[in-house]
Amino acid sequence: YVTTAVLVMSGDDERFDDPNARGTDTGWNPIFARSIWSSDLLTAGYACYRVSNWVYPHAEAGVTPVDSHTFNVQAGPNYAYTSDNANGDTYRGFLVIGRYLFEVLRDSKTWRGPVHGAFKAEMLRTGDYYGAAETAYYLRFEIYFNL
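Be aware that the sequence shown starts at 11, since it is given in this note's numbering, and climbs by one per residue.
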């Protein structure tokens, strides 16, 4: 499959971690767990994971070469909806996310249903929004199942 999308998270000009903000009721509440389907690197950059002021146009391509083994890659530029820092730039950088989802055990007598695994890798080449341009990397491995 191939798909394109644009993720827009608020245009709030008062960041949750800004001491000069009128209140702390800004950003998206982390209870909605956007980092699961978006970027762990970018959401962790917000105080208490309260994502705001983020625009992410991206494309994603994926393939399932054999049953229960899926690969996908997502990539696109990141922008701040409103300029909210001293750098005066809204380009947050280029993000690439790769995922490999697989089945460890098809059936288990101990757990309900199969046991799954996942590898996730992220690379963010930061833009002028953060000052000096640098590259950040993130890796995650997980095993999950139903009790």
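Built from N, CA and C at the ideal position, the CB exists for glycine as well.
Note that the coordinates shown come from a computational prediction; the quantities given were computed from them, not determined experimentally.
Measure the C-alpha to C-alpha separation of residue i and residue j and round it to an integer number of angstroms.
{"i": "THR136", "j": "VAL12", "result": "25 Å"}
{"i": "VAL65", "j": "THR100", "result": "10 Å"}
{"i": "VAL172", "j": "ASP77", "result": "An answer regarding residue 172 cannot be provided, because it is not within the stretch 11 to 157 covered by the chain."}
{"i": "GLY98", "j": "ASN63", "result": "14 Å"}
{"i": "LEU105", "j": "ALA85", "result": "6 Å"}
{"i": "PHE81", "j": "ARG122", "result": "25 Å"}
What did DSSP end up calling residue i once you bin it into helix, strand or coil?
{"i": "LEU111", "result": "strand"}
{"i": "TYR11", "result": "coil"}
{"i": "TYR66", "result": "strand"}
{"i": "ALA71", "result": "strand"}
{"i": "LEU17", "result": "strand"}
{"i": "TYR101", "result": "strand"}
{"i": "LEU157", "result": "coil"}
{"i": "TYR91", "result": "coil"}
Within 10 angstroms of the Cβ of residue i, are there 16 or more other Cβ atoms? Answer buried if so, exposed if not.
{"i": "VAL18", "result": "exposed"}
{"i": "THR145", "result": "exposed"}
Which whole-angstrom value describes the C-beta separation of residue i and residue j, a residue pair presumed to lie in contact below a C-beta threshold of 8 Å?
{"i": "PHE151", "j": "PHE129", "result": "5 Å"}
Please return the same chain residues whose Cβ sits closer than 8 Å to the Cβ of residue i, not counting the five positions on each side in sequence.
{"i": "GLY103", "result": "PRO87, ASN88, LEU134, ARG135, THR136, GLY137, TYR139, TYR140 and ALA143"}
Apart from the five residues on each side of it in sequence, which residues of its chain come closer than 6 Å, Cβ to Cβ, to residue i?
{"i": "ILE153", "result": "GLY127"}
Spell out whether any CB of chain B is found under 8 Å from the CB atom of residue i.
{"i": "VAL16", "result": "Absence of chain B from the displayed structure is noted, only one protein chain being present."}
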